Amino acid sequence: MPHCCAFAIAVRHYLYAVDLSCEPLQHYHMIHVKKAGPPEAALIADLSRSTFHDTFAPVNTKENMDKFMREKFSSQMLIDEVSEPGNHFFIAWEGTTPVGYSRVRENNNPPGLEGRETIEIARIYAIREAIGKGVGKELMQAAIDLGRSLGKEVVWLGVWEHNLPAIAFYEKWGFERFSDHEFILGDDVQTDWLLRRNL
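Okay, so the sequence shown: first residue is 17 according to this note's numbering, each after it adds one.
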């Protein structure tokens, strides 16, 4: 079972680490989202690695996890991508504590969306302690608002085919399946569904 990351590597979201409810939640009002950039690159890298490991280490082999983290998800790789053109990052905060983040990319179009003005929700995660506080909802809304402000037509993402809670979450937000894509974690070949919704 795999993870969430960019289309060049793969596209995937495993929202076991993100609140999937669309209902009002306790302390929901305490979560706020801010745009992030190069000054927060090290924090984004730390959040990326810790949430990925906490979410997927229990359901993947240590060998595959270590290989992916080393080859595709190193701290330096994650720091560098913050400055890449077309990348947008958001950090969710509970007070002064960072509790989640998302990565959104412009015009990284997969097959089936050629020629469209798109944004991709490439990653969206919350720390374990923040589950149930509306982090996923806040980060999703921030991504949609960004896409609309940029004049994009479509937002899309990838989700593991067996991650039924995440699929249900996306469907509540109006996403529909339009294609599939392979995701490779270490030596394990897995399948993502690609989902989209109009903006």
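Built from N, CA and C at the ideal position, the CB exists for glycine as well.
In this text, all values refer to a predicted model and were calculated from it rather than measured experimentally.
Per the DSSP secondary-structure output, residue 118 pairs in a beta bridge with 106, 140. In the displayed model, residue 150 falls within coil according to three-state DSSP, outside both helix and strand. Look at residue 71 here: in three-state DSSP terms it is helix.
DSSP, reduced to helix, strand and coil, places residue 195 within a strand of the structure shown. One thing to note: residue 193 has its Cβ no nearer than 7 Å to the Cβ of residue 169. Residue 96: not part of any beta strand (DSSP E); member of the alpha helix (DSSP H) spanning 91-97, first to last residue.
Excluding residues up to 5 positions away in sequence, 97, 119, 121 lie with their Cβ nearer than 7 Å to the Cβ of residue 103 in the same chain. Residue nearest to residue 89 within the set 76, 62, 106 is 62 (criterion: CA-CA distance). Ranked by Cα distance from residue 198, the options 48, 127, 71 are led by 127. Comparing C-alpha distances from residue 196 to each of 186, 208, 214, 188 shows the shortest one belongs to 208. Residue environment analysis places residue 54 among the exposed positions, since fewer than 16 neighbouring C-beta atoms fall within 10 angstroms of its C-beta. For residue 210, the closest C-alpha among the options 203, 166, 178, 173 is that of 173.
Only residues of its own chain outside the window of five on either side were considered, and among them 81, 85 have a CB closer than 8 Å to the CB of residue 69, listed in chain order.
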